[in-house]
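Everything on this sheet refers to the single structure shown next.
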């Protein structure tokens, strides 16, 4: 998907408060705009340790500033209770202590395939965080931790016209999220997306 097409999709979603679906680089995205804030996400095919992961991009087209957090996201399976996304610090600490180099490489590869495949260019998202983190560390172990830190969506204040992206992690015993509903309460709005079965992928 080219940049112009992605912009057109987001512009279309701004005009209608309905979910728009599209595919890019083999991943299925859904996007919805409420109150001038546009939220786009896709389920990542890779699972790392105990987490299922979604890739998120948020753009603030409203006239006021909003803070977005991973804790704004929750998921309810068709046959289960609501699960809240883990805070970024919890995820990073878990990956540093438990995940091996192969886990981090798998996570980075899956995330970057989505970011660059969909031509996401946010003002303070993953690419900026990655450059900042990796510029400050030298050892291989710290670089792995830095990569995980750059990927995880962190609490971010978005001024009007700003955007961010990141991975949101759901503790799920390493299983796919499965069918259900994704809920996001952010920027004073409630977003709700139906989720279907996740595409098959190697674990």
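In my numbering, the protein residues as written are 14 to 216.
C-beta atoms are modelled at their ideal positions from N, C-alpha and C, and glycine is treated no differently.
- Message: Determine whether the beta carbon atoms of residue 121 and residue 67 lie at a separation below 8 Å.
- Response: no
- What do you reckon, are the CB atoms on residue 47 and residue 111 nearer than 8 Å? no
- With distances taken Cα to Cα, identify the nearest neighbour of residue 49 among 196, 34, 175. 175
- Task: Tell me whether the beta-carbon of residue 170 lies closer than 8 Å to the beta-carbon of residue 78.
- Result: Yes.
- Item | Opening and closing residue of the alpha helix (DSSP H) in which residue 111 lies | 101–111
- Task: Assuming residue 42 and residue 55 form a contact by the criterion Cβ under 8 Å, report the distance between their Cβ atoms to the nearest whole angstrom.
- Result: About 5 Å; that satisfies the 8 Å criterion.
- Task: With DSSP collapsed to three states, give me the class of residue 184.
- Result: When secondary structure is reduced to three states using DSSP, residue 184 falls in the strand class.
- Query: In this structure, does DSSP put residue 27 in helix, strand or coil?
  - Reply: Annotation note: pLDDT 46 at residue 27 (below 50); position unreliable, coordinate value reported separately. DSSP places residue 27 in helix when its eight states are reduced to three.
- Closer than 6 Å by C-beta to residue 96: which residues in its own chain qualify, once you throw out the five before and the five after it? Chain order, please. 88, 183
- Query: What separation, rounded to the nearest whole angstrom, lies between the Cα atoms of residue 107 and residue 76?
  - Reply: 37 Å
- Task: Put residue 95 into one of helix, strand or coil per three-state DSSP.
- Result: strand
- Item | DSSP state of residue 58 mapped onto helix, strand, coil | Coil, per DSSP.
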